[in-house]
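Peer 1: If you want the working numbering, it's the position in the sequence shown, counting the first as 1, plus 727. Every residue, glycine too, gets a C-beta built ideally from N, C-alpha and C. Everything numeric in this text was worked out from a predicted model, so none of it was measured.
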Amino acid sequence: MRGMSIRPILIHPDPRLKKVCEPVGDVNASIRKLADDMLETMYDAPGVGLAGPQVGVMKRIFVIDCADKESTPDPMVLINPEITWKSEDLHTYEEGCLSIPEVYAEVTRPEMVRMSYLDIDGKRHEDEFDALYATAAQHELDHLNGTLFIDYLSKIKRTMITNKMKKLKKERARG
Ligand code: NI
């Protein structure tokens, strides 16, 4: 294993979580190190997905692992991902986000998506995602466009959650 390190996760509200990220140019050693760190950070949290802007890196990269706790880990790194197809069938899933701790809400999204992306070796793939993978991949892709899952909720719910997070950040800052 290369040296991995856990990076701090930004908590909403933060302007960096609301920006559109830049495509990754070269899939080089620093991107591979970033991907390793993001996986380590995600597993430590623990979570099933983490996107670049959540660790303050404004690049189009995210990691996911939706394997059951009992099965072998299934880490995936998606660089410059794009949706190439989505199902008309929708699926509602209770989502959470490492940048909005301890908040869960139902979000409806296409049940299946196909995504084109580069892997950690810069190789292009096109994979179909379903079930939890489809939810996670779409949730993480949203992060690269400055969209959070709470943006799908009513304004009143979003405001309540945002106020709760502001309070949490204040408490954490006080220590
Ligand atoms: Ni998230």
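Taking the runs of the beta strand (DSSP E) that are 3 residues or longer, which of them lie wholly in the segment 808-879?
Peer 2: 817-824, 827-837, 839-845 and 851-857
Peer 1: Can you tell me which of MET803, LYS884, ASN807 and LYS894 puts its alpha carbon nearest to the alpha carbon of ASP763?
Peer 2: By one-based count along the sequence shown, residue 763 stands at place 36. Checking every option, the nearest Cα to that of ASP763 belongs to MET803.
Peer 1: Given the structure, does CYS748 come close to the ligand NI, in the sense that its CB is under 7 Å from one of the ligand's heavy atoms?
Peer 2: As a working note, residue 748 is residue 21 in the sequence shown. Because no heavy atom of the ligand NI lies under 7 Å away, the Cβ of CYS748 does not count as near it: no.
Peer 1: What residues match up with ALA762 in a beta bridge as DSSP calls it?
Peer 2: Taking the first residue of the sequence shown as position 1, residue 762 is located at position 35. The partner list for ALA762 (beta bridge, DSSP) is empty, contrary to what the question assumes.
Peer 1: Using the DSSP secondary-structure output, state which residues sit across from VAL790 in a beta bridge.
Peer 2: Your numbering for residue 790 matches position 63 in the sequence shown. According to DSSP, which records beta bridges pairwise, VAL790 is partnered with LEU777 and VAL804.
Peer 1: In terms of residues, what are the limits of the alpha helix (DSSP H) holding LEU737?
Peer 2: As a working mapping, residue 737 is identified with position 10 in the sequence shown. Unbroken run through LEU737: none, as it is neither H nor E.
Peer 1: Give the secondary structure of GLU749 by DSSP, where H, G and I count as helix, E and B as strand, and everything else as coil.
Peer 2: Numbered from its first residue, the sequence shown carries residue 749 at position 22. Correct three-state label for GLU749: strand.
Peer 1: Contact defined as beta carbons within less than 8 Å: I believe CYS824 pairs with GLY779. What is the distance between those atoms, to the nearest angstrom?
Peer 2: By 1-based counting over the sequence shown, the position of residue 824 is 97. By 1-based counting over the sequence shown, the position of residue 779 is 52. In fact, because the Cβ distance is near 14 Å, the residues do not count as touching under 8 Å.
Peer 1: Which term fits ILE776, buried or exposed, when burial requires 16 or more other beta carbons within 10 angstroms of its beta carbon?
Peer 2: Along the sequence shown, one-based indexing puts residue 776 at 49. Looking at the sequence provided, one finds Gly at residue 776 rather than Ile. Answer is buried; the Cβ neighbour count reaches 16.
Peer 1: Confirm, please, whether the CB-CB distance from HIS866 to GLU829 is below 8 Å.
Peer 2: Residue mapping note: residue 829 aligns to position 102 of the sequence shown, counting from 1. Residue mapping note: residue 866 aligns to position 139 of the sequence shown, counting from 1. Contact: no.
Peer 1: Does the beta-carbon distance from ILE847 to VAL754 come in below 8 Å?
Peer 2: Locating residue 847 in the sequence shown gives position 120, where the first residue counts as 1. Locating residue 754 in the sequence shown gives position 27, where the first residue counts as 1. Closer than 8 Å, so yes.
Peer 1: Would you call SER872 buried or exposed, if buried means 16 or more other Cβ atoms sit within 10 Å of its Cβ?
Peer 2: Sequence index remark: in the sequence shown, residue 872 carries index 145 (1-based). In the sequence on display, residue 872 carries Asn and not Ser. So ASN872 counts as exposed.
Peer 1: Give the secondary structure of VAL782 by DSSP, where H, G and I count as helix, E and B as strand, and everything else as coil.
Peer 2: In the sequence shown, residue 782 corresponds to position 55, counting from 1. If DSSP states are grouped into helix, strand and coil, VAL782 belongs with the helices.
Peer 1: Using a threshold of 8 Å, state whether the C-beta atoms of GLN781 and ILE810 are closer than that.
Peer 2: Position 54 of the sequence shown, counting from 1, holds the residue named residue 781. Position 83 of the sequence shown, counting from 1, holds the residue named residue 810. No, Cβ-Cβ distance for GLN781 and ILE810 is not below 8 Å.
Peer 1: Do GLU797 and LEU817 come within 8 Å of each other at the CB atom, strictly closer than that value?
Peer 2: Mapped onto the sequence shown, residue 817 falls at position 90. Mapped onto the sequence shown, residue 797 falls at position 70. No, Cβ-Cβ distance for LEU817 and GLU797 is not below 8 Å.
Peer 1: Considering PRO895, what are the terminal residues of the alpha helix (DSSP H) in which it resides?
Peer 2: Translated into the one-based positions of the sequence shown, residue 895 becomes position 168. For the record, residue 895 in the displayed sequence is Leu; it is not Pro. Element bounds for LEU895: 882-901.
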